[in-house]
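These notes are about the structure you will find just below.
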Amino acid sequence: MKDYLRRPYSFFLSRNSSDLAKTVLHETGQAISGALLPAMRLLSQIMLAGFVLAFIIAINPWISILAASIIGVIYLTIYLTARKWLNKIGRDRVDANKERYTATAEAFTGAKEIRLLGREDNYLERYRQPAKRLAKHEANSSLLNDTPQYAIEAFTFGGVLILVTLLITVEGGIENAIPIIGVYALAARQLIPAFHKIFSTFTAMRFNLPAVDNVLEDLESDTPKTLPLSNTNESRLRPKHTIRLTDISFRYPDSKGFALDQLSLSIKANTTIGIIGHSGSGKSTLADIMLGLLTPGNGSVFIDDTKLTDAASRQWQKSIGYVPQTIFLADQSIKENIALGIPENEIDMASVIHASKLAELHDFVTSELPSGYNTIIGERGVRLSGGQRQRIGIARALYNNPDVLFFDEATSALDNATEKLVMRSIKKLSGTKTIILIAHRLSTVRSCDEIIVIDKGKILTKGTWDEISASHPAALA
Ligand code: ADP
Ligand code: MG
0 MKDYLRRPYS
10 FFLSRNSSDL
20 AKTVLHETGQ
30 AISGALLPAM
40 RLLSQIMLAG
50 FVLAFIIAIN
60 PWISILAASI
70 IGVIYLTIYL
80 TARKWLNKIG
90 RDRVDANKER
100 YTATAEAFTG
110 AKEIRLLGRE
120 DNYLERYRQP
130 AKRLAKHEAN
140 SSLLNDTPQY
150 AIEAFTFGGV
160 LILVTLLITV
170 EGGIENAIPI
180 IGVYALAARQ
190 LIPAFHKIFS
200 TFTAMRFNLP
210 AVDNVLEDLE
220 SDTPKTLPLS
230 NTNESRLRPK
240 HTIRLTDISF
250 RYPDSKGFAL
260 DQLSLSIKAN
270 TTIGIIGHSG
280 SGKSTLADIM
290 LGLLTPGNGS
300 VFIDDTKLTD
310 AASRQWQKSI
320 GYVPQTIFLA
330 DQSIKENIAL
340 GIPENEIDMA
350 SVIHASKLAE
360 LHDFVTSELP
370 SGYNTIIGER
380 GVRLSGGQRQ
390 RIGIARALYN
400 NPDVLFFDEA
410 TSALDNATEK
420 LVMRSIKKLS
430 GTKTIILIAH
440 RLSTVRSCDE
450 IIVIDKGKIL
460 TKGTWDEISA
470 SHPAALA
């Protein structure tokens, strides 16, 4: 969990969240109980088998060695034959488990759309197949674990009978044969469980090795590198004069074109900047780079004279309030969502209320919600409207009284009247904070100090509204 949380943001763009949840919740446990514990028990089991063997060899060497080799060879043959197969079904168990987790998560997250499309059966099938495979592999591996014991016991019993007949004729009487038969029976009786334990440990380890690999692969991979967790005592990196981007180029992994192409930009501190452009032109990518979430392939971001490195970006992020287009909401109360992640008894209610007032949320919370700021909003805020969710996101960004505010199409989901109210509050902050406003509604950015028009990862033009409407009227159309 810690390792995943320390990954750069780009790691989460390339991985499925249910898969990560599966590794944390399931595969680690499987790796410990299925492979690590058996491996630790192996030594004691080998010692036990060794003592048993030594004891019966001391009583009657030849019969004991014969019995031990036969039983040993049988187990070894079964293990060697099944080894590849165990590894294969072990790997497929990990895959099936991943599919099972993804299918469950998607079916419940998309419950509304799936219901309307009537695709419940398809999702059930997407769950049923991997669930069946997983059950089958687990059953097969434990079946393999138990079967040889019965087979070998049957074989040993047959061996005793043959030995009895043989010895009676050779030794010339049951009286002489009994002690030898006794030793053989004792040897088998002691050796089978001891050998069986070793065998089942090896098979369990084989079957669960892919789970270990699954965890280790993620833990050991040093690309992408891990970042330090944020330290609460760290000071803020506040822009005093400018936020400067020099020659920024960025390409998403596995994509052909550049999302940003040699883009340079300088933003004066405490001004309000509007960024507009068609969908897919690179606005969010630009914001994510300025936020220190994505590392540009080329070029750098400077906050005054500090270059945004991994360490510096943690301090920089402390002075940022960010509102995305879709707000993540936790199944907790309004106040816990505004102060996201902060334990309930440490939440500063004055800041919550102040932020809510700025976000035009306060009246709604106090007059319409049954328990005010303590109202639980449901998973992903299902009990709220889109505009209300958005305003929680805005209040969350303002809770820390940030120096820099990013709005990435954050007000698009608001109706015109509410957006006007929210924009009026934001404007009240202008002059004291640096505000970066990405929008597609032109009216949203109209009063910005500067407007930047992005097209295909480059700056098409910039200036005030009046300047752009004179020079590039098409950009504002
Ligand atoms: P905007 O916010 O202006 O609509 P984005 O910055 O989100 O645009 O996207 C810019 C380009 O990068 C688009 O062509 C988009 O398809 C691509 N893109 C965005 N996110 C990813 C990603 N995670 N992986 C690959 N390509 C991406
Ligand atoms: Mg976007």
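Using numbering that gives the first Met the number 0, you'd call the opening residue of the sequence shown number 0 and step up by one each time. Backbone N, C-alpha and C fix where the C-beta goes; we use that ideal spot for every residue, glycine too.
Have a look at residue i and residue j and give me their C-alpha separation to the nearest angstrom.
i    : j    : result
G298 : F257 : 13 Å
E367 : F406 : 26 Å
R379 : Y149 : 54 Å
S32  : A176 : 46 Å
E408 : I288 : 16 Å
F206 : V93  : 10 Å
A268 : I434 : 9 Å
K131 : E137 : 10 Å
I56  : V159 : 18 Å
T374 : Q331 : 8 Å
L307 : A416 : 38 Å
F156 : H25  : 42 Å
E124 : T103 : 11 Å
Considering only the beta carbon of each residue, do residue i and residue j sit closer than 8 Å?
i    : j    : result
I453 : G291 : no
W315 : L383 : no
I451 : I319 : no
A349 : L339 : no
P295 : F249 : yes
T202 : L143 : yes
V403 : K432 : yes
S140 : I88  : yes
T270 : E119 : no
I247 : I302 : no
I62  : V182 : yes
T101 : N15  : yes
I333 : I376 : yes
I272 : C447 : yes
L215 : V300 : no
A200 : Q29  : For the sequence presented, residue 200 should be read as Thr rather than Ala. Cβ distance not < 8 Å, so T200 and Q29 don't count as in contact.
T371 : V364 : With the sequence shown as reference, residue 371 is identified as Gly, and Thr is not the correct amino acid for it. Contact: yes.
M204 : A81  : no
A286 : A34  : no
D2   : L228 : no
I151 : I70  : yes
Leaving aside the five residues before and after residue i along the sequence, list all residues of the same chain whose C-beta is less than 7 Å from its C-beta, in chain order.
i    : result
L413 : G386, Q389 and V421
T305 : L236 and A311
R445 : W464
V163 : A176 and I180
F198 : Y74, Y78 and P147
L166 : A176, I179 and I180
I113 : A106, E119 and Y122
Y321 : L290, A396 and F405
R40  : T200
Near residue i, which residues of its chain fall below 6 Å by C-beta distance, leaving aside the five closest residues on each side in sequence?
i    : result
A394 : I337, A354, S355, A358 and L360
I391 : N336
V23  : M0
A187 : A66 and T155
N399 : none
Can you round the beta-carbon distance between residue i and residue j to whole angstroms, since I take them to be within the 8 Å contact cut?
i    : j    : result
Y122 : R99  : The pair is not a contact, with the Cβ atoms about 12 Å apart (cut-off 8 Å).
P60  : A95  : About 49 Å; that fails the 8 Å criterion.
L190 : L52  : 7 Å
L262 : G456 : 7 Å
A476 : L459 : 13 Å between Cβ atoms; not a contact.
K317 : E233 : 6 Å
S13  : L293 : About 12 Å; that fails the 8 Å criterion.
F154 : A48  : The Cβ separation is near 18 Å, so there is no contact.
D18  : K97  : 5 Å
Spatial neighbours of residue i within its chain, please: C-beta separation below 8 Å, excluding the five flanking residues on both sides.
i    : result
L226 : R5, R6, P7, D309 and R313
F54  : Q189
H439 : I275, S278, E408 and S411
Does DSSP put residue i in a helix, in a strand, or in coil?
i    : result
G386 : helix
R243 : strand
N59  : coil
G273 : strand
N297 : strand
D407 : strand
G291 : coil
Y8   : helix
V163 : helix
Y251 : coil
T80  : helix
S446 : coil
V452 : strand
V51  : helix
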